[in-house]
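Asks: So the sequence lines, in the order shown, correspond to chains B and D.
Quick note: the first sequence uses this note's numbering, first residue 3, plus one each step.
Quick note: the second sequence uses this note's numbering, first residue 9, plus one each step.
Every residue, glycine too, gets a C-beta built ideally from N, C-alpha and C.
Just so it is clear, the structure is predicted and the values come from calculations on it, not from any experiment.
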Amino acid sequence: MPAISFQHVGKTYGNARGALKALDDVSFDIQPGEFFGLLGPNGAGKTTLISILAGLARASSGKVTVLGHDVVSDYAQARRSLGIVPQELVFDPFFSVREALRIQSGYFGVRSDKRANDAWIDELLANLGLSDKADANMRQLSGGMKRRVLVAQALVHRPPVIVLDEPTAGVDVELRQTLWQFVARLNKEGHTVLLTTHYLEEAEALCGRIAMLKQGKVVALDRTSSLLAGTASTMLRFKMDTALPASLVGQSRVTGRIVQITAHDAHEVETILGVLRTAGCQPEDLEIGRADLEDVFLEIMNEPPRASQPARAVA
Amino acid sequence: MNPANVLSGTGTLLYKEVLRFWKVAFQTVAAPVLTAILYLLIFGHVLEDHVKVFGSVAYTSFLMPGLVMMSVLQNAFANSSSSLIQSKITGNLVFLLVAPLSHWAWFLAYVGASIVRGAVVGAGVMLATIWFAPLHLAQPLWILVFGLAGAAMMGALGLVAGLWAEKFDQIAAFQNFIIMPMTFLSGVFYSVGSLPPFWKGVSHLNPFFYMIDGFRYGFFGVSDMAPATSLLVVGTSLLLVCGLCVHLLKIGYKIRH
Numbered sequence: 003m004p005a006i007s008f009q010h011v012g013k014t015y016g017n018a019r020g021a022l023k024a025l026d027d028v029s030f031d032i033q034p035g036e037f038f039g040l041l042g043p044n045g046a047g048k049t050t051l052i053s054i055l056a057g058l059a060r061a062s063s064g065k066v067t068v069l070g071h072d073v074v075s076d077y078a079q080a081r082r083s084l085g086i087v088p089q090e091l092v093f094d095p096f097f098s099v100r101e102a103l104r105i106q107s108g109y110f111g112v113r114s115d116k117r118a119n120d121a122w123i124d125e126l127l128a129n130l131g132l133s134d135k136a137d138a139n140m141r142q143l144s145g146g147m148k149r150r151v152l153v154a155q156a157l158v159h160r161p162p163v164i165v166l167d168e169p170t171a172g173v174d175v176e177l178r179q180t181l182w183q184f185v186a187r188l189n190k191e192g193h194t195v196l197l198t199t200h201y202l203e204e205a206e207a208l209c210g211r212i213a214m215l216k217q218g219k220v221v222a223l224d225r226t227s228s229l230l231a232g233t234a235s236t237m238l239r240f241k242m243d244t245a246l247p248a249s250l251v252g253q254s255r256v257t258g259r260i261v262q263i264t265a266h267d268a269h270e271v272e273t274i275l276g277v278l279r280t281a282g283c284q285p286e287d288l289e290i291g292r293a294d295l296e297d298v299f300l301e302i303m304n305e306p307p308r309a310s311q312p313a314r315a316v317a
Numbered sequence: 009m010n011p012a013n014v015l016s017g018t019g020t021l022l023y024k025e026v027l028r029f030w031k032v033a034f035q036t037v038a039a040p041v042l043t044a045i046l047y048l049l050i051f052g053h054v055l056e057d058h059v060k061v062f063g064s065v066a067y068t069s070f071l072m073p074g075l076v077m078m079s080v081l082q083n084a085f086a087n088s089s090s091s092l093i094q095s096k097i098t099g100n101l102v103f104l105l106v107a108p109l110s111h112w113a114w115f116l117a118y119v120g121a122s123i124v125r126g127a128v129v130g131a132g133v134m135l136a137t138i139w140f141a142p143l144h145l146a147q148p149l150w151i152l153v154f155g156l157a158g159a160a161m162m163g164a165l166g167l168v169a170g171l172w173a174e175k176f177d178q179i180a181a182f183q184n185f186i187i188m189p190m191t192f193l194s195g196v197f198y199s200v201g202s203l204p205p206f207w208k209g210v211s212h213l214n215p216f217f218y219m220i221d222g223f224r225y226g227f228f229g230v231s232d233m234a235p236a237t238s239l240l241v242v243g244t245s246l247l248l249v250c251g252l253c254v255h256l257l258k259i260g261y262k263i264r265h
């Protein structure tokens, strides 16, 4: 039985100006124990899909289950199996960290075993570096600390399936390290993890399988290693102060002084270098490496849409 | 579904809602008690020697139960409406939305907390005003029944308003243009029996009148309307508002897209 199953999920938002199709026939399963990445540009439908999974939104069509429990007809069991870390940095200003965690666990019916629950709350606080903030009011915490509390709130009822919706957006390196170590440990202990992130190096490092969404459709679904292997495998990186020749602009990614150009083989590398030489450009710190997930992502996202476009691979 | 889990989830939400208002009790309990004392002092001072109600009841004695019930109703409404709109606007409603709580759990917890706040404020107003006029307790059961029904109805109405509103102004408008006039024109400060026939008829269309009148009957054993009639109107209004509230919660009106 899959940990999470999306079957032909569609979502259409209607307003006065017409209908907006946020999700279009999305289908895939996530198996128990997987660390699964859901990627896509802003507006691709990732958060809508997670909102449907969490019960924050209702699908216009299709079916979603968590460990076999339908998120609509058997919502209580489905939600009890899920721990969601929301994207927005939200908190209840009336309560301390410990009160917030106790209340959240109570919603899930785990207050009855108070001693065991308090021990788990202490463990969560320690693992997320929050022990010294346990009695602080939520308003007194920094943004990073509030983010840690959101993670603790998602885990307080010991859910077998954890959903992290862009958990590291705008947080410092220390929290990222702490968070990923903790989540990786939970995954090793058997928890299923579904992650959405814009930090593709995180997805590449952590996720065994990845789905990519574009305009509400699944456009790629495969093991991370297969996605990396199945694309342009060479990346030319260098620094340059002058403008790129016009013929290279379309295939380049420029971040400040750093230029990255995809090349499919050695001959194409030579051609690019030739164009640069002819234009009088002087690239510095030139290196040739393997394409990473960001390159794969950009390549897939830049492919023109086709009618009934199939996912690149279905594993 | 395990009944113990349901109870624990509902109980936790009730506890959280009570704790929420209790943490700011200066604003949520002390302030309305002070307002009621001011009303009693000012209106009592101006009218005590000029008005006798129900034949022999002194004006300050008559005013006291009305102020208690008005405080109960306004604070029961404020509790559920302000809690829900704050959670919606700050986004922390997500903690409840992802929890395995049924629409009944939401309803019972929010309305329960509104009843608790209404009772605490009502008791506070009574304790604070008891020194200004002798207390009559002719029919305590009626006091309890109308107090509970009124607080429950306003708690449910607050929940409806909180679900409907998308910003604080809308809740303020609901409170200032609907709740406040209906409570002020319900006979808190006067006996509806003393009004001209037209305004008496208008007052009889206001369900708040029956809540105040029935509640006051419990204190003096006399009222403008028969208490059974008032109970019928209040009970019917309560059922209608609760039915609407439970339905809106069930369909996730403006909280689940």
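I need the straight-line Cα distance from B:Tyr-15 to D:Leu-171, nearest angstrom please.
Replies: Between B:Tyr-15 and D:Leu-171, the C-alpha separation is close to 20 Å.
Asks: Going straight from the alpha carbon of D:Ile-187 to that of D:Ile-138, what length do you get?
Replies: 26 Å
Asks: To the nearest angstrom, how far is it from the Cα of B:Glu-191 to the Cα of B:Val-163?
Replies: If you take the alpha carbons of B:Glu-191 and B:Val-163, they lie about 12 Å apart.
Asks: Identify whether D:Phe-181 lies in helix, strand or coil by the three-state DSSP scheme.
Replies: Checking the sequence shown, residue 181 of chain D turns out to be Ala, not Phe. Helix.
Asks: Starting from B:Phe-37, follow the beta strand (DSSP E) in both directions and report where the run begins and ends.
Replies: 37 to 41
Asks: Let me check you understand the geometry: is the CB of B:Gln-89 closer than 7 Å to at least one non-hydrogen atom of the ligand COA?
Replies: As far as ligands go, the structure on display features none, and thus does not contain the ligand COA.
Asks: With a cut-off of 8 Å, does the C-beta of D:Phe-34 fall near any C-beta of chain B?
Replies: no
Asks: Is the distance from the Cβ of B:Met-214 to the Cβ of B:Asp-297 below 8 Å?
Replies: no
Asks: Is there a Cβ of chain B sitting closer than 8 Å to that of D:Ala-159, yes or no?
Replies: no
Asks: For B:Ala-61, which residues in the same chain have their Cβ closer than 6 Å to its Cβ, ignoring the five residues on either side in sequence?
Replies: Val-11, Lys-13 and Ile-54
Asks: Determine which residues of the stretch 97 to 123 of chain D have a Cβ less than 8 Å from any Cβ of chain B, and write them out in chain order.
Replies: Thr-98, Gly-99, Asn-100, Val-102, Phe-103, Leu-104, Leu-105, Val-106, Ala-107, Pro-108, Leu-109 and Ser-110
Asks: Can you check DSSP and say which residues form a bridge with B:Met-214?
Replies: Bridge partners of B:Met-214: B:Leu-41 and B:Ala-222.
Asks: Check whether the stretch 99 to 107 of chain B and the stretch 173 to 192 of chain B touch, using three or more Cβ-Cβ pairs below 8 Å as the test.
Replies: Too few Cβ pairs lie closer than 8 Å, so no.
Asks: Report yes or no: is there a C-beta of chain D within less than 8 Å of the C-beta of B:Gln-342?
Replies: This structure cannot speak to residue 342 of chain B, because chain B is shown only from 3 to 317.
Asks: Let me check one thing: in DSSP terms, what residues is B:Leu-22 bridge-paired to?
Replies: B:Tyr-15
Asks: Leaving out five residues on either side along the sequence, give the residues of the same chain with a beta carbon under 8 Å from the beta carbon of B:Ala-317.
Replies: For B:Ala-317, the pLDDT reaches just 42, beneath the cut-off of 50, and the residue's location in the model is therefore unreliable, although a value from the coordinates is still provided. In chain order, Arg-211, Leu-223, Asp-224, Arg-225 and Ser-228 place their CB closer than 8 Å to the CB of B:Ala-317, counting only its own chain and leaving out the 5 sequence neighbours on each side.
Asks: For a test of the three-state rule: what should DSSP assign to D:Arg-224, helix, strand or coil?
Replies: helix
Asks: Check whether the Cβ of D:Leu-256 lies closer than 8 Å to any Cβ atom in chain B.
Replies: no
Asks: Which one of B:Phe-38, B:Ser-7, B:Phe-30 and B:Asn-304 has the shortest CA to CA distance from B:Leu-166?
Replies: B:Phe-38
Asks: Along the chain, where does the alpha helix (DSSP H) that runs through D:Leu-49 open and close?
Replies: 39 to 55
Asks: If distances are taken between C-alpha atoms only, which option among D:Leu-105, D:Leu-55 and D:Val-124 comes closest to D:Phe-85?
Replies: D:Val-124
Asks: What residues in its chain sit with their C-beta under 6 Å from that of B:Leu-152, if we drop five residues either side in the sequence?
Replies: Taken in chain order, the residues that qualify are Val-87.
Asks: Which residues in the same chain have their Cβ closer than 7 Å to the Cβ of B:Val-201, if we skip the five residues on either side of it in sequence?
Replies: The sequence as given places Tyr at residue 201 of chain B; Val does not occur at that position. Excluding sequence neighbours, B:Tyr-201 sits near Thr-170.
Asks: Write down every uninterrupted run of the beta strand (DSSP E) in the stretch 61 to 89 of chain B whose length is 3 residues or greater and which is fully enclosed by it, in chain order.
Replies: 63 to 68 and 84 to 87
Asks: Pop quiz: D:Phe-216 and D:Pro-73 are said to be a contact at Cβ under 8 Å. What is the actual Cβ separation, rounded to whole angstroms?
Replies: Not confirmed; about 14 Å, so no contact.
Asks: DSSP three-state label for B:Asp-294, please.
Replies: B:Asp-294 falls in the coil class under three-state DSSP.
Asks: Any chance the stretch 121 to 131 of chain B sits against the stretch 79 to 96 of chain B, with 3 or more Cβ pairs inside 8 Å?
Replies: no
Asks: For the stretch 54 to 78 of chain B, enumerate the residues whose C-beta is nearer than 8 Å to any C-beta of chain D, in chain order.
Replies: Ala-56, Gly-57, Leu-58, Ala-59, Arg-60, Tyr-77 and Ala-78
Asks: At a Cβ threshold of 8 Å, is B:Arg-82 touching chain D?
Replies: Yes, B:Arg-82 lies at the interface with chain D (some Cβ there is under 8 Å from its Cβ).
Asks: Can you confirm whether B:Ala-317, when its beta carbon is compared against all beta carbons of chain D, has any partner nearer than 8 Å?
Replies: With a pLDDT of 42 at B:Ala-317, under the threshold of 50, the predicted position of this residue should be treated as unreliable, and no value is reported.
Asks: Find the residues of chain B that neighbour D:Lys-31, judging by a C-beta separation of less than 9 Å, and give them in chain order.
Replies: Ordered by position in chain B, the residues that pass the 9 Å Cβ test against D:Lys-31 are Phe-96 and Phe-97.
Asks: Are the C-beta of B:Gly-172 and some C-beta of chain D separated by less than 8 Å?
Replies: no
Asks: Could you run through the stretch 13 to 30 of chain B and flag, in chain order, every residue whose CB is less than 8 Å away from some CB of chain D?
Replies: Of all residues in the stretch 13 to 30 of chain B, those with a C-beta nearer than 8 Å to a C-beta of chain D are Tyr-15, reading in chain order.
Asks: Between the alpha carbons of B:Leu-157 and B:Pro-247, how many angstroms are there, rounded?
Replies: 51 Å
Asks: In whole angstroms, what separates the C-alpha of D:Ser-194 from that of B:Ala-18?
Replies: 41 Å
Asks: Would you mind listing the beta strand (DSSP E) stretches within the stretch 122 to 174 of chain D that are 3+ residues and don't spill past its ends, in chain order?
Replies: none
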